[in-house]
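Residue numbers (this note's numbering), protein chains in the order written: chain W, 260 to 591; chain A, -10 to 254. Backbone N, C-alpha and C define an ideal beta-carbon position, used for all residues, glycine too. Reading through the structure tokens given below for one structure.
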Amino acid sequence: MKRNKDIWVFGDYRNYFQNRVTLQILARAVDLSTQTGGTVCAVVLGHRVDTYVAEYIAHGAQKVYVIDDPTLRSYSIERYSWLMSWLVTRYQPETLLVGATRFGQEIAPRVAKKLKTGLTADCIDLEINTKGLLVQTAPSFGGNLIAKIITPVKRPQMATVRPGTFPELPHDDAANGQVMVLPLPGDLPEDRIRLVTSEHRPSKKQKIEDADIVICGGRGMGSKGKFKKLFDLAALMNAEVGATRPVVYSEWVSHDALVGQAGKNIKPKILLSFGISGAIQHTAALSDAHFIVAVNKNPNATMMKMADVAIVADANQVCLGIIKAIKEKARD
Amino acid sequence: MVSELPWDSRTGTLKRDLAQGMMDPASRRALEAALQIKETQPAYICAITMGPAMAREILHQAMALGADEGVLLSDRRMAGADTFLTSHILARFIQKECQGEYLVMCGTQTSDSETAQVGPQLSEELNIPAITYAGHVEIKDRVVEVHRHVDEFFEILNMDLPGLVTIDLSAYKPRYLALEGVEKAFENPDIRHIDARQLGLDADFNALKDSPTRIMDVYSPTAQKENRVLKGAVKKVVDQLFDDYGKVISSAMGKDLKTHEHDEA
Ligand SMILES: Cc1cc2nc3c(=O)[nH]c(=O)nc-3n(C[C@H](O)[C@H](O)[C@H](O)COP(=O)(O)OP(=O)(O)OC[C@H]3O[C@@H](n4cnc5c(N)ncnc54)[C@H](O)[C@@H]3O)c2cc1C
């Protein structure tokens, strides 16, 4: 089979509807394919997976390869990685993209190794360069630097993509896609790992470490009562609240909220930082925040210098102002 | 802060020898898991690292903590290896040294690159089963049992030896190394040094040339920021925030926000 320009996306449907990374990557793949040509394909392994196949087509997949078999009912790293590399060898896509869930971060390196190709982990952007190569942008060196990486010769070009990086396409029931159902290959090796028990234990609430929007408050919020307003704002924005050490020590908020060296690392798309000076013990945990809005009376505070948008004003007033603005804008 | 990074623009790799010097937190957890297994049954722990000469310190530290042996894989030709080649080199050594029922224990991911790829790729090279993100590891009657919590699934998994596990960053809090231990560690001279030739790597093996990926560019995310400063009345700055960044905000919120109707002309 001759190599083609197809872009493949691994269908990671476990925890769907919460886990939407496959849809997000499909959307980007559709975008990239307008530059490279080729078909956007999803691969679905499992048992009774029709709903996911339909879902992927409705979200941009032009073709879906399916292997549906009772022995694939639960995710198996050995079987799934073997099947992925078998499929790639057979159909020779140019690119293979995998969502950076934990399973994705495990299967992708194994498939890459079997196929003797490269892999970039946890990408936060994907583009096509003038030579038609996939440019894989990923944080590296502890998140302090961003690297742009290519796979010049080996194929497929492989990357895992951080969940939340790309917006998904709207659900389109009218979309058409070709479905290729394949039988389980006879030479699939025995699984060397035995699953004794598996239990779905969903996390009850969104964790600050995973939140897309984090609102951090510091001593500059002024009082416990004023700090509470950040929770009102968070509820409106679907955000989580974080805090600095003085805030936690003063018991304005529980210790779980501490962000920094002694607390949690966060990686939100947007960080709103209110009345925080920006001590290194706090900012060390912010290196993966994509977009930072800081509010501080002091324009020279470190937090203001590292922000994308620095608002020189009273933190509490701006918090109330944003609450008001969102209530107005979200109305109807 | 970032301009001083030991980045070699000519070869496009991090000069790890300048950035390194301490055992990675993930590896410390893997070592801790190994030490705990050794406390319950007879075991021989060989600590392996690949890196510049300076990485020897990590092995001294491992031995002070209870490893029986330290092995340094170091060679100019190995410098610049990506995960693909790192796992290849590590596998060469393990294949030479270990037969029968061995268990490879790795940290899940290092703090400098966080790819979490070396463990899984090493298991491919060795053609042995691997269980990642282990929260608890036990060996009973030559069967490895692992508990783990991954992607909202709690699982108990089994495999036979030989096998590989990667230890989750939230598991196995590393023990503290007392100062006298550190001092003793550096008296201990017998760290084995293995080079590319001893590993039987091809004569023309060159990690930099042979890596399937190439870093084209590296930049600091903060250096790219435009740092817009907004001042004035609260109402004005809030409006400005939503006018200019309303799209970014609404997409992160997952809700539509009305934008101001400005004249487009
Ligand atoms: C070993 C160690 C570990 C630590 N770990 C952590 C950690 O994990 N997390 C952490 O956060 N800290 C940690 N710290 C503490 C850290 O060093 C700082 O002291 C702390 O982050 C400061 O918090 P802050 O910014 O809220 O307070 P401050 O530094 O007091 O800053 C308050 C800011 O609010 C501004 N301000 C005041 N009034 C207003 C107003 N009305 N409107 C707007 N702005 C206003 C001020 O200009 C100032 O910039 C640690 C310290 C040590 C020594």
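A:Ser240 CB to nearest chain W CB: under 8 Å? Answer yes: the Cβ-Cβ gap between A:Ser240 and chain W drops below 8 Å somewhere.
W:Met439, buried or exposed, once every other Cβ within 10 Å from all chains shown has been counted against 16: The residue is exposed, with fewer than 16 neighbouring Cβ atoms inside 10 Å.
Apart from the five residues on each side of it in sequence, which residues of its chain come closer than 7 Å, Cβ to Cβ, to A:Ala19? Result list for A:Ala19: Met94, Cys95, Gly96 and Ile156, in chain order.
Residue closest to W:Leu447, alpha-carbon to alpha-carbon, out of W:Leu428, W:Phe490, W:Asn278 and W:Leu331: Selection W:Leu428, W:Phe490, W:Asn278 and W:Leu331 evaluated against W:Leu447 yields W:Leu331 as nearest (Cα-Cα).
Scan the segment 116 to 185 of chain A and note each continuous beta strand (DSSP E) run of 3 residues or more that stays entirely inside, going in chain order. Taking only runs of at least 3 residues, the beta strand (DSSP E) segments lying wholly in the segment 116 to 185 of chain A are 119 to 129, 132 to 139, 142 to 149, 152 to 156 and 180 to 183.
N-terminal and C-terminal residue of the beta strand (DSSP E) that A:Ser16 is part of: Not the beta strand (DSSP E): A:Ser16 falls in the alpha helix (DSSP H), residues Pro14 to Thr29.
Residues of the segment 194 to 211 of chain A with a CB closer than 9 Å to any CB of chain W: list them in chain order, please. Listed by position, the residues of the segment 194 to 211 of chain A near chain W (Cβ gap below 9 Å) are Ser200, Pro201, Thr202, Arg203, Ile204, Met205, Asp206, Val207, Tyr208, Ser209, Pro210 and Thr211.
Can you find a CB in chain W that lies within less than 8 Å of the CB of A:Thr72? Closer than 8 Å to some Cβ of chain W, the Cβ of A:Thr72 qualifies, so yes.
Segment limits, alpha helix (DSSP H) that includes W:Arg460: Per DSSP, W:Arg460 belongs to no alpha helix (DSSP H) and is neither H nor E.
I want to verify the contact list: residues of chain A whose CB lies under 9 Å from the CB of W:Pro411, in sequence order. Correct list: Pro201, Thr202 and Arg203.
Span of the beta strand (DSSP E), counted from its first residue to its last, around W:Thr376: Here W:Thr376 belongs to no beta strand (DSSP E), and DSSP marks it neither H nor E.
Is the beta carbon of W:Tyr315 closer than 8 Å to that of W:Leu285? It is a contact, given that the beta carbons lie within the stated cut-off.
In DSSP terms, what W:Ile529 is bridged to: Partner(s): W:Ile472 and W:Phe550.
Residues near W:Ala278 in its chain [Cβ-Cβ closer than 6 Å; skip 5 each side]: A small correction: the amino acid at residue 278 of chain W is Asn; Ala does not occupy that position in the sequence shown. Taken in chain order, the list of residues that qualify is empty.
From the DSSP secondary-structure annotation, give me the bridge partner or partners of W:Gly439. In the sequence on display, residue 439 of chain W carries Met and not Gly. According to DSSP, W:Met439 bridges with W:Tyr324.
Counting along the chain, where does the beta strand (DSSP E) carrying W:Thr396 start and finish? Per DSSP, W:Thr396 belongs to the beta strand (DSSP E) from Leu393 to Ser399.
So which residues put a beta carbon under 5 Å from any heavy atom of ligand 1, going in chain order? My final list is W:Gly477, W:Arg478, W:Gly479, W:Thr503, W:Arg504, W:Pro505, W:Gly519, W:Gln520, W:Ala521, W:Gly522, W:Gly534, W:Ile535, W:Ser536, W:Ala538, W:Gln540, W:His541, W:Asn555, W:Lys556, W:Asn557, W:Ala560, W:Asp573 and W:Ala574.
Where W:Ala589 and W:Val512 are concerned, what is the direct C-alpha to C-alpha distance, given to the nearest angstrom? So the two alpha carbons sit approximately 28 Å from each other.
On the DSSP letters alone, give me the boundaries of the beta strand (DSSP E) that A:Tyr91 sits inside. Under the DSSP assignment, A:Tyr91 falls outside any beta strand (DSSP E); it carries neither an H nor an E label.
With burial defined as no fewer than 16 other Cβ atoms inside 10 Å of the residue's Cβ, what is the status of A:Phe82: buried or exposed? Answer is buried; the Cβ neighbour count reaches 16.
Please report whether the beta-carbon of W:Phe276 lies at a distance below 8 Å from any beta-carbon of chain A. Chain A, which has no Cβ nearer than 8 Å to the Cβ of W:Phe276, makes this no.
Taking just the CA atoms, how far does A:Ser200 sit from A:Phe73? If you take the alpha carbons of A:Phe73 and A:Ser200, they lie about 7 Å apart.
So, W:Gly476 versus W:Leu489, is the Cβ gap smaller than 8 Å? Contact: yes.
C-beta contact flag for W:Ile467 and W:Gly501 at 8 Å: A contact, by the Cβ cut-off of 8 Å.
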